[in-house]
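Working notes for the structure below.
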Amino acid sequence: MSGEFWITLVDTADIVGFTMTFCVNIVLLGLLRTRGKNLGTYKYLMAFFSVFSIFYAIIESILRPIMHIENATFFLISRKRFNYSTRLGKINSAFYCACFATSFVVSGVHFVYRFFATCKPDLLRLFNMPYLLLWPLGCSIPVTMWASVSYFLYPDTEYTEAAVSNVLKTHYIWIKKENVSYIAYVYYQYDENGVKYVYIKNLLGCFVHYFVMSMTFVVMFYCGYATWRTMNEHKEVSNKTRQLQSQLFKALVLQTLIPSIFMYAPTGVMFIAPFFNIDLNANANFIVFCSFLYPGLDPLILIFIIRDFRQTIFKFICRGKKNSVDESRSTTRANLSHGATS
Numbered sequence: 003m004s005g006e007f008w009i010t011l012v013d014t015a016d017i018v019g020f021t022m023t024f025c026v027n028i029v030l031l032g033l034l035r036t037r038g039k040n041l042g043t044y045k046y047l048m049a050f051f052s053v054f055s056i057f058y059a060i061i062e063s064i065l066r067p068i069m070h071i072e073n074a075t076f077f078l079i080s081r082k083r084f085n086y087s088t089r090l091g092k093i094n095s096a097f098y099c100a101c102f103a104t105s106f107v108v109s110g111v112h113f114v115y116r117f118f119a120t121c122k123p124d125l126l127r128l129f130n131m132p133y134l135l136l137w138p139l140g141c142s143i144p145v146t147m148w149a150s151v152s153y154f155l156y157p158d159t160e161y162t163e164a165a166v167s168n169v170l171k172t173h174y175i176w177i178k179k180e181n182v183s184y185i186a187y188v189y190y191q192y193d194e195n196g197v198k199y200v201y202i203k204n205l206l207g208c209f210v211h212y213f214v215m216s217m218t219f220v221v222m223f224y225c226g227y228a229t230w231r232t233m234n235e236h237k238e239v240s241n242k243t244r245q246l247q248s249q250l251f252k253a254l255v256l257q258t259l260i261p262s263i264f265m266y267a268p269t270g271v272m273f274i275a276p277f278f279n280i281d282l283n284a285n286a287n288f289i290v291f292c293s294f295l296y297p298g299l300d301p302l303i304l305i306f307i308i309r310d311f312r313q314t315i316f317k318f319i320c321r322g323k324k325n326s327v328d329e330s331r332s333t334t335r336a337n338l339s340h341g342a343t344s
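Next up, the structure:
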């Protein structure tokens, strides 16, 4: 499909995703404040993720990324809303990469908390003060690694400058080179003699990305499986506790599927396709499309899986409908009374 089609689709996803992310996460934050007392310190972790999701959606909307795969190269192109230097553009793109990595890492922390709560309750103290302050520090390490790799190991060269210009002229002719910043993940290229030249620094950077992704996925899988197994083995807990644990576990299972479909799988394609010289061209923008929608979809799971949250939403909707019906009936009666009087 053409670049014009994908840009239209991506820009639409930007509007829909931003609106949904903002509205859904505000609702979730309100529910956590009013109905989250049974969740313990987990509600603070959920609240952080909601605030981060809103922030992430804002960053995506400002940078308006494009992703393109061609000639064993993955291009992350940001469309500038303002006029700023090439260096600042590079920093902005690296910061976007940091936000991208944070979504992986925070999802892993969610699973660690549920693992502690179900399998190692004595370790839940690690989510209380002052240990709670260590979690952002620990999460910042892989996030900083991802962002630093994106900034330092993928420098702009004559080849990348020419390649980006060619991509824009071929697939996005209405976008001018001076109005974008980019990061080019060049795996290898061929010289004039047909000899393959491998970019070791770039491959090293991709290895770091793979490592961060793989570790977070392994943590999610292991903690999720251990939590499920422990819940099935221990039947002696109270029915109320078991119901809450079951609801949270179902939420985490679905929260594994959502990032797997909208984050892990697309990102895996993003890094693997150039290695095998698969030219997705503008079709690589399906990664951006998924990325725009993900922050708004994830909190919906919590709202509809956790019973207290779900019932609160349904009661609010039903109350609104009842008030609307009562108001309509009152208006009808008033009109009838007025007609009878006349």
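Per this note's numbering, residue 3 is the first one in the sequence shown, and the count goes up by one each step.
Cβ atoms here follow ideal geometry from the backbone N, Cα and C, with glycine treated the same way.
Backbone CA spacing between residue i and residue j [nearest angstrom]
i, j, result
"Lys203", "Val151", "9 Å"
"Lys317", "Leu134", "35 Å"
"Glu62", "Phe294", "7 Å"
"Leu30", "Asn130", "22 Å"
"Glu235", "Thr314", "32 Å"
"Ile2", "Asp13", "Outside the displayed span of the chain (3 to 344) sits residue 2, for which this structure offers no information."
"Gly140", "Phe106", "13 Å"
"Phe291", "Ala49", "25 Å"
"Ala15", "Ile289", "11 Å"
"Leu275", "Asn73", "The residue you asked about is not Leu; residue 275 is Ala in the sequence shown. Ala275 and Asn73: Cα-Cα distance of roughly 10 Å."
"Thr23", "Ala59", "7 Å"
"Val197", "Ser216", "32 Å"
"Phe84", "Arg231", "52 Å"
"Arg127", "Thr36", "24 Å"
"Thr229", "Phe117", "5 Å"
"Ser142", "Tyr266", "19 Å"
"Val169", "Lys179", "10 Å"
"Gln191", "Asn279", "10 Å"
"Leu256", "Val271", "21 Å"
"Met147", "Val210", "7 Å"
"Cys208", "Thr10", "29 Å"
"Leu138", "Leu47", "Per the sequence presented here, residue 138 reads as Pro, with Leu not at that position. Spanning the two alpha carbons is a distance of roughly 11 Å."
"Tyr153", "Arg321", "52 Å"
"Thr159", "Asn195", "20 Å"
"Phe264", "Ser87", "32 Å"
"Leu136", "Thr43", "15 Å"
"Ile17", "Leu41", "32 Å"
"Thr21", "Ile319", "20 Å"
"Ser262", "Glu6", "27 Å"
Contacts around residue i, its chain only, beta-carbon distance under 8 Å, and the 5 residues preceding and following it disregarded
i, result
"Ala149", "Ala96, Phe97, Cys99, Ala100 and Ala103"
"Asn27", "Ser52, Val53, Ser55, Ile56, Pro297, Gly298 and Pro301"
"Pro305", "Residue identity differs from the one stated: residue 305 is Ile in this sequence, not Pro. Closer than 8 Å at Cβ, skipping near neighbours: Val26, Val29, Leu30, Leu33, Phe311, Arg312 and Ile315."
"Met193", "Just to set this straight, residue 193 is Asp in the shown sequence, not Met. Closer than 8 Å at Cβ, skipping near neighbours: Tyr199."
Own chain residues within Cβ distance below 7 Å of residue i, not counting five before or after
i, result
"Ala186", "Thr75, Phe77, Tyr156, Thr162, Ala165 and Val166"
"Leu206", "Leu155"
"Met3", "Ala284 and Asn285"
"Val145", "Ala100, Ala103, Thr104 and Val107"
"Asn377", "Absent from the model: residue 377. The displayed extent of the chain is 3 to 344, so no value can be given."
"Thr258", "Met222 and Gly226"
"Leu282", "Ile71 and Ala275"
"Val114", "Val221 and Cys225"
Same chain, Cβ closer than 6 Å to residue i, five either side skipped, listed in chain order
i, result
"Lys252", "Ile307"
"Lys45", "Leu34 and Gly38"
"Thr269", "none"
"Ile260", "Leu299 and Asp300"
"Gly19", "Phe294, Leu295 and Gly298"
Nearest-angstrom Cβ-Cβ length linking residue i and residue j, presumed shorter than 8 Å
i, j, result
"Tyr212", "Phe277", "Actually they are not in contact, since the Cβ atoms of Tyr212 and Phe277 sit about 11 Å apart, beyond 8 Å."
"Arg81", "Ile68", "7 Å"
"Gly32", "Ser183", "About 37 Å separates the two Cβ atoms, so there is no contact after all."
"Asn181", "Trp8", "With a Cβ gap of about 18 Å, Asn181 and Trp8 do not count as contacting."
"Tyr201", "Val214", "That belief does not hold up - the Cβ atoms of Tyr201 and Val214 are roughly 20 Å apart, past 8 Å."
Cβ-heavy atom distance, residue i to the ligand COA, below 6 Å
i, result
"Ile143", "Inclusion of the ligand COA in the displayed structure is not the case, the ligand content being empty and no account of it being possible."
Contact with chain D by residue i, beta-carbon distance below 7 Å
i, result
"Phe84", "Absent here is chain D; the protein component of the structure consists of one chain."
### the stretch 216-225 / the stretch 103-117 touching (three or more Cβ pairs under 8 Å)
Short answer: they touch.
### Three or more C-beta pairs below 8 Å linking the stretch 167-176 and the stretch 123-133
Counting C-beta pairs with one atom in each stretch, the stretch 167-176 and the stretch 123-133 have fewer than three that are closer than 8 Å, which means they do not touch.
### Task
Within the stretch 187-235, note down every full alpha helix (DSSP H) run reaching 4 residues or more, in order along the chain.
You should have 202-235.
### Query
Which ranges would you report for the beta strand (DSSP E) in the stretch 40-72 if only whole runs of at least 3 residues count?
The stretch 40-72 contains these whole beta strand (DSSP E) runs: 67-72.
### Query
What residue ranges within the stretch 246-314 form continuous alpha helix (DSSP H) runs of no fewer than 4 residues, ordered along the chain?
Runs found: 267-277 and 288-307.
### Query
Hey, which unbroken runs of the alpha helix (DSSP H) at 4 residues or more fall wholly within the stretch 141-179?
160-173
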